[in-house]
Amino acid sequence: MGKLDGKVALITGSGRGLGKEIALTMAREGAEIIIDDIIPGDIEKTTKEIEGLGRRAMGIAADVSRKGEVQDMVARGIAKFGKIDILVNNAGIPGRASLLEMSEEIWDRVLDIDLKGAFLCTQAVAPGMIQRRYGKIVNVSSVEGMGGSIKSSANYTAAKAGMIQMTKTHARELGGYGINVNCIAPGGIITPMTYLNRSEAEIQQHIATRPKLNCLERIGKISEVANLVLFLVSDDASYITAQNIACDGGRFDRM
Ligand SMILES: NC(=O)c1ccc[n+]([C@@H]2O[C@H](COP(=O)([O-])OP(=O)(O)OC[C@H]3O[C@@H](n4cnc5c(N)ncnc54)[C@H](O)[C@@H]3O)[C@@H](O)[C@H]2O)c1
């Protein structure tokens, strides 16, 4: 018996990286999965892998920053599976610009995907969860929304910090309907995003220095983050809500 037998999960940004690992982890525990991303090839690959585990899966290309696409995605998911029990707001893009270099467009794009996207998806799934008085929502923030070490990308840190507070407000609004809303703050995990737009020298420096930033003195694995999400959406965590849990090996700059 799996921990998520009979459950339906929507995971945004699950074509690759952390979102894909979360989708596979939940599928192994019995959940049926709605895979959302904006890269069609990745959606197709993840969908096939989940079906290979013997679970039903549905891949949808929807940009989480667009309300119409989000509403359509949720409607299609419910039409196929009858309900959505679990939402993981994982889709995100990095900021990577200093104050003086940051254009209005990149500020808006990061806030639109990393923060507004989570709001739009939560708003779209909440009515069904309220009606059934059951739901688990996990927002994927970042240690960069908690600490002060990062010296650029205020669009990203602001979005991720906003997500932590939004979690608490949504938990308060939805808790009376039996819906748990939590947040996780990963840090130092190797995924395609970690190395996006980075030179080979920057990648090597990152690998060499990153472990020194935390207590465990090593980089984290995506499975270590996915297991935390699995715990939070399972009934093992039924009395946990409104929390933000860091999964970062104990980063020094936020201790
Ligand atoms: N990798 C880390 O160390 C780390 C640390 C802290 C937080 N995070 C967060 O974890 C989440 C996953 O990141 P990752 O490292 O797996 O990165 P990733 O780039 O590998 O995955 C992000 C996924 O989101 C998708 N996506 C981007 N914009 C989208 C949109 N508008 N609509 C739908 N999907 C979209 C991408 O196509 C991609 O598949 C992000 O929210 C990120 O901020 C990652």
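Taken in order, the sequence shown gives residues 1 to 255; the numbers are from my numbering.
Even for Gly, the Cβ is constructed at its ideal location relative to N, Cα and C.
Between GLY250 and the set PRO211, LYS48 and TYR239, the nearest pair of CA atoms involves PRO211. The residues ASP42 and PRO192, in chain order, have a CB closer than 6 Å to that of ARG16 in the same chain once the five nearest residues on each side in sequence are set aside. Taking C-beta atoms as the reference points, SER234 and LYS3 count as a pair closer than 7 Å.
With a cutoff of 6 Å, ASP37 counts as near ligand 1, since its C-beta is closer than that to a heavy atom of the ligand.
The Cβ atoms of LEU115 and GLY162 lie closer than 7 Å to each other. Distance from the CA atom of ARG198 to the CA atom of GLN243, rounded to whole angstroms, is 32 Å.
Looking from the CA of THR12, the closest CA among CYS247, ALA154, ASP63 and GLU32 belongs to ASP63. According to the DSSP assignment, ASN155 belongs to the alpha helix (DSSP H) that extends over 154-174. A residue is called buried once 16 or more other Cβ atoms fall within 10 Å of its Cβ, and LYS48, having fewer, is exposed. By the criterion of a C-beta distance shorter than 6 Å, THR167 is surrounded in its chain by ASN139, VAL181 and CYS183, once the five residues flanking it on both sides are discounted. Comparing alpha-carbon positions, the option among LEU196, PHE252 and CYS247 lying closest to ASN214 turns out to be PHE252. Checking the DSSP bridge columns, you'll see ARG251 partnered with ASN214. In the structure shown, the three-state DSSP call for VAL8 is strand. ASN139 has its Cβ no nearer than 6 Å to any heavy atom of ligand 1. Pairing LEU53 with THR157, the inter-Cα distance amounts to about 36 Å. Residue pairing by DSSP places ALA91 in no beta bridge whatsoever. In chain order, VAL181, THR241 and ALA242 place their CB closer than 6 Å to the CB of ALA171, counting only its own chain and leaving out the 5 sequence neighbours on each side.
Residue GLU69 holds the alpha-carbon nearest to the alpha-carbon of ILE38 among ARG55, THR25 and GLU69.
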